[in-house]
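Student: Sharing a structure, written as structure tokens. Questions coming.
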Amino acid sequence: MDSKLSILVALGLCFAILFDADSAAAQIYGGGSGSQTRQSRYRSPQCQLQRLQAIQPNRRIDAEGGFTEIWEQYNYDQLDCAGTSVSRTTIRSNGLYLPVYSNAARLTYVVEGECVQSEVIPGCPETYQAFQQPGQQYRGSAAGEQQQQGSRADEHQKVRRLKRGDIVATPPGFVQWFYNDGNTDVVLVTLLDTANSQNQLDNQDRGFFLAGNPQRAQEPREAEQKQGAEVNYNNIFSGFADEILQEVLGTSRETVERVKGRNDYRGHIILVRHGLEMIKPLRYQEEEQQRHQFTNGFEETICTARLRENMANPARADVYNPQAGYIRNVNRLNLPVLGYLYLSAERGVLYRNAIYAPHWNLYSHSIIYATGGSARVQIVGNQQRQSLFDGQLRQGQMIVVPQNFAVTAQAGSNGFEWISFKTGNNAISQSLAGKTSVLRGLPVDMLASMYQISRQEALKIKYNRGDELAIFPSRLSSSTCNDKKSKA
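Count the sequence shown with mature numbering (1 follows the signal peptide of the UniProt record, and there is no 0) and you get residues -26 to -1, 1 to 462, in order.
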């Protein structure tokens, strides 16, 4: 009897710990269940779309260490419908994207290159620490700088290495920075979800930088902006009185002037001339840790929350066809923080002439960015006899597929790659062809009656793709090739 009681007590403690952890996570991420977040999501009056188009960035902000191109929400009806903006940032070698936080939930995808990145999670300790031993000098300190023996050389929150195919989630209010420690440019594409219920301001992305004077880089272009569409990026320290900052930071007036960045014209991405010193594991140690990482449900606490997932490995694809390509999804199930941000993402690769079957998203808009190649994309709504969009989506372009609008894509001769940001944490799609399609779920006689075709033809359209799921190799192109070979 005592042993049974002990087991019950132990189970009760386990459930209590799990409940407290989930409640704490919900508090810091600013929400509860995904359904509550979705129900309070901003709904734009601009969703009565008559046509869609593949769009390029409408604004560029230059800086010393790179530049950012922006698809502004108020410049495109399709983005306003989705309640999102998108940016593409290029960081040059030794470029530091200054620490910034925003009112928008963010998803950042690494298109090219490798870099170091971190988020400062509110209320969490600095777990990366370096201590100076007697007689040693920390590499990050200036030459001749006096340090107490055995003192703490530096400490900061966790840093992580990002590579091509990584996606990073950033909740509103979390400070984020990127540093390119490589020799090639880093290209990042970021979704800014201003319609997320955690944003209690207006539907304008507001970036609050901790350093520099980012607004300086925008002044020449202010005349080109639409009313209400300007991007307000500024140094959060710049508005405080000098004497207040002297007191709270415990420093001189000259240092306060530098913190405010009044005479800093480098922009939002600066060059670190001699490289940036920080505490981080060696690359092979970090990769080894990732390979042997197992989850048991207890590791996802506030301060150790996993904010990154790699989407580039075909071995981890959700859908794979060796003749057509593959698709990988990241959602609240494999990256739990997305459950609180109510966002998800899909990365896809189509081989030459392969087809992504017509489908629609049940609960989300889809913001598609082409990362490579090109494809013929068709998007169909509920009021037009013709498609809202029927054209090429090329590398570097973007298009929005509104919720429940059907979309299909056929890769060009060089294939097609994309990243799709979705405004739902477990976005579900319904296909119109292939295994698990809506046609498979209907009786064959019903199909024959609906389309006024024979039962034999109904069987064909229902089962013609066999067990192929979502992505198909093109039969027309393969049959054309076979015809050419036979004639030769």
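Think of the CB as a built atom: it goes at the ideal place given N, C-alpha and C, for glycine as much as any other residue.
1. Let's test the definition: count the other Cβ atoms within 10 Å of the Cβ of residue 424 and tell me whether it reaches 16, buried, or not, exposed.
2. What span of residues does the beta strand (DSSP E) with residue 46 cover, start to end?
3. Roughly how many angstroms separate the alpha carbons of residue 449 and residue 389, rounded to a whole number?
4. Could you tell me the distance, in whole angstroms, from the CA atom of residue 287 to the CA atom of residue 92?
5. Quick one: Cα of residue 118 to Cα of residue 127, how far?
6. Between the C-alpha atoms of residue 463 and residue 346, what's the straight-line distance to the nearest angstrom?
7. Which two residues bound the contiguous alpha helix (DSSP H) that contains residue 313?
8. How would you label residue 232, buried or exposed, when you count the other beta carbons within 10 angstroms and need 16 or more for buried?
9. Can you check which of these residues, 95, 54, 418, 74, is closest to residue 177 by C-alpha distance?
10. Where does residue 234 land, buried or exposed, given buried means 16+ other C-beta within 10 angstroms?
11. With DSSP as the reference, label residue 306 as helix, strand or coil.
12. What are the boundary residues of the alpha helix (DSSP H) that includes residue 437?
13. Which of helix, strand or coil does DSSP assign to residue 38?
14. For residue 149 versus residue 60, is the C-beta spacing smaller than 8 Å?
15. So who's on the other strand from residue 396, going by DSSP bridges?
16. Give the straight-line distance between the Cα atoms of residue 194 and residue 180, rounded to the nearest whole angstrom.
17. Excluding sequence positions up to five away, which residues of its chain have a Cβ less than 8 Å from the Cβ of residue 429?
18. Taking C-beta to C-beta, are residue 445 and residue 304 nearer than 8 Å?
19. Does the structure place the region 70 to 89 close enough to the region 158 to 172 that three or more beta carbon pairs sit under 8 Å?
20. Using only alpha-carbon positions, find the residue among 373, 58, 70, 141 that is nearest to residue 283.
21. Check whether the Cβ atoms of residue 353 and residue 381 lie closer than 8 Å to each other.
22. Looking only at C-alpha atoms, which of 306, 94, 219 sits nearest to residue 134?
23. What does the alpha-carbon distance come out to for the pair residue 31 and residue 63?
24. Can you check the region 122 to 161 for any beta strand (DSSP E) of at least 3 residues that lies completely inside it and give the ranges in chain order?
25. Within 10 angstroms of its Cβ, does residue 463 collect 16 or more other Cβ (buried), or is it exposed?
26. Which one of 409, 244, 434 has the shortest CA to CA distance from residue 442?
27. Is it true that the CB of residue 331 sits closer than 8 Å to the CB of residue 394?
28. Determine the DSSP secondary structure at residue 349, reduced to helix, strand or coil.
29. According to DSSP, residue 382 sits in a beta bridge with which residue or residues?
30. Give the DSSP-derived three-state secondary structure of residue 403 in the structure shown.
31. What's the gap between the Cα of residue 280 and the Cα of residue 74?
32. Below 8 Å on the Cβ atoms is my contact criterion, and I expect residue 146 with residue 78 to pass it. Report the Cβ-Cβ distance as a whole number of Å.
33. Our contact map puts residue 26 next to residue 52 with C-beta atoms below 8 Å; I'd like the distance itself, whole angstroms only.
34. Report the three-state DSSP secondary structure of residue 246 (helix, strand or coil).
35. Taking the beta strand (DSSP E) that residue 84 belongs to, which residues open and close that run?
36. Let me confirm a value: residue 349 is counted as buried when at least 16 other C-beta atoms fall within 10 Å, else exposed. Which label applies?
Tutor: With the given structure in hand:
1. On the sequence shown, residue 424 is found 450 positions in, with the first residue counted as 1. Exposed, because fewer than 16 other Cβ atoms sit within 10 Å of the Cβ of residue 424.
2. Locating residue 46 in the sequence shown gives position 72, counting from the first residue. Taken as a continuous stretch (DSSP letters only), residue 46 belongs to no beta strand (DSSP E), as it is neither H nor E.
3. Counting from one through the sequence shown, the residue named residue 449 turns up at place 475. Counting from one through the sequence shown, the residue named residue 389 turns up at place 415. Those two C-alpha atoms are separated by around 16 Å.
4. Translated into positions along the sequence shown, residue 287 becomes position 313. Translated into positions along the sequence shown, residue 92 becomes position 118. So the alpha carbons of these two residues sit roughly 23 Å apart.
5. For this step, residue 118 is matched to residue 144 along the sequence shown. For this step, residue 127 is matched to residue 153 along the sequence shown. Legend: pLDDT at residue 118 = 37, less than 50; position of this residue unreliable, no value from coordinates given.
6. As displayed, the chain neither begins before -26 nor continues past 462, which places residue 463 out of reach and without an answer.
7. Here residue 313 refers to the residue found at position 339 when the sequence shown is read from its first residue. Taken as a continuous stretch (DSSP letters only), the alpha helix (DSSP H) holding residue 313 covers 312 to 315.
8. For the purposes of this step, residue 232 is identified with residue 258 of the sequence shown, where counting begins at 1. It is exposed - the Cβ of residue 232 has fewer than 16 other Cβ atoms within 10 Å.
9. Counting from one through the sequence shown, the residue named residue 177 turns up at place 203. The option with the nearest alpha carbon to residue 177 is 54.
10. Locating residue 234 in the sequence shown gives position 260, counting from the first residue. By the 10 Å Cβ count, residue 234 comes out buried.
11. Within the sequence shown, residue 306 is the residue found at index 332, counting from 1. If DSSP states are grouped into helix, strand and coil, residue 306 belongs with coil.
12. Position 463 of the sequence shown, counted from the start, is the residue given in the question as residue 437. Its alpha helix (DSSP H) spans residues 429 to 437.
13. One-based indexing of the sequence shown puts residue 38 at position 64. Residue state, collapsed to three classes: coil.
14. Looking up residue 149 in the sequence shown gives position 175. Looking up residue 60 in the sequence shown gives position 86. Not closer than 8 Å, so no.
15. In the sequence shown, residue 396 corresponds to position 422, counting from 1. Its beta-bridge partners are 318, 340.
16. Taking the sequence shown and counting its residues from 1, the one referred to as residue 194 is at position 220. Taking the sequence shown and counting its residues from 1, the one referred to as residue 180 is at position 206. For residue 194, the predicted structure reports a pLDDT of 45, less than 50, and the residue's modelled location is therefore unreliable. The matter cannot be settled from this model.
17. What you label residue 429 is simply residue 455 of the sequence shown in a count that begins at 1. Cβ neighbours of residue 429 beyond the five flanking positions: 418, 419, 422.
18. Counted from its first residue, the sequence shown places residue 445 at position 471. Counted from its first residue, the sequence shown places residue 304 at position 330. Cβ distance not < 8 Å, so residue 445 and residue 304 don't count as in contact.
19. yes
20. Here residue 283 corresponds to residue number 309 of the sequence shown, with the count starting at 1. Considering only alpha carbons, the answer is 141.
21. Sequence index remark: in the sequence shown, residue 353 carries index 379 (1-based). Sequence index remark: in the sequence shown, residue 381 carries index 407 (1-based). A contact, by the Cβ cut-off of 8 Å.
22. By one-based count along the sequence shown, residue 134 stands at place 160. It is 94 whose Cα lies nearest to the Cα of residue 134.
23. As a position in the sequence shown, residue 31 is number 57, starting the count at 1. As a position in the sequence shown, residue 63 is number 89, starting the count at 1. One C-alpha to the other measures close to 11 Å.
24. 126 to 130, 134 to 136, 140 to 144, 149 to 153
25. Nothing in the structure corresponds to residue 463, since the chain is present only between -26 and 462.
26. Here residue 442 is taken as the residue at index 468 of the sequence shown, counted from 1. It is 409 whose Cα lies nearest to the Cα of residue 442.
27. Reading the sequence shown from its first residue, position 420 is the one you call residue 394. Reading the sequence shown from its first residue, position 357 is the one you call residue 331. Cβ distance not < 8 Å, so residue 394 and residue 331 don't count as in contact.
28. To locate residue 349, count along the sequence shown from 1; it is residue 375. DSSP places residue 349 in strand when its eight states are reduced to three.
29. Taking the first residue of the sequence shown as position 1, residue 382 is located at position 408. The partner list for residue 382 (beta bridge, DSSP) reads 352.
30. Counted from its first residue, the sequence shown places residue 403 at position 429. If DSSP states are grouped into helix, strand and coil, residue 403 belongs with the strands.
31. To locate residue 280, count along the sequence shown from 1; it is residue 306. To locate residue 74, count along the sequence shown from 1; it is residue 100. Taking the straight line from one Cα to the other gives about 20 Å.
32. Locating residue 146 in the sequence shown gives position 172, where the first residue counts as 1. Locating residue 78 in the sequence shown gives position 104, where the first residue counts as 1. With a Cβ gap of about 6 Å, residue 146 and residue 78 count as contacting.
33. The sequence position of residue 26 within the sequence shown is 52, counting from 1. The sequence position of residue 52 within the sequence shown is 78, counting from 1. The Cβ separation is near 6 Å, so the contact holds.
34. For this step, residue 246 is matched to residue 272 along the sequence shown. Of the three classes helix, strand and coil, the one that applies to residue 246 here is coil, per DSSP.
35. For this step, residue 84 is matched to residue 110 along the sequence shown. Taken as a continuous stretch (DSSP letters only), the beta strand (DSSP E) holding residue 84 covers 79 to 86.
36. By one-based count along the sequence shown, residue 349 stands at place 375. So residue 349 counts as buried.
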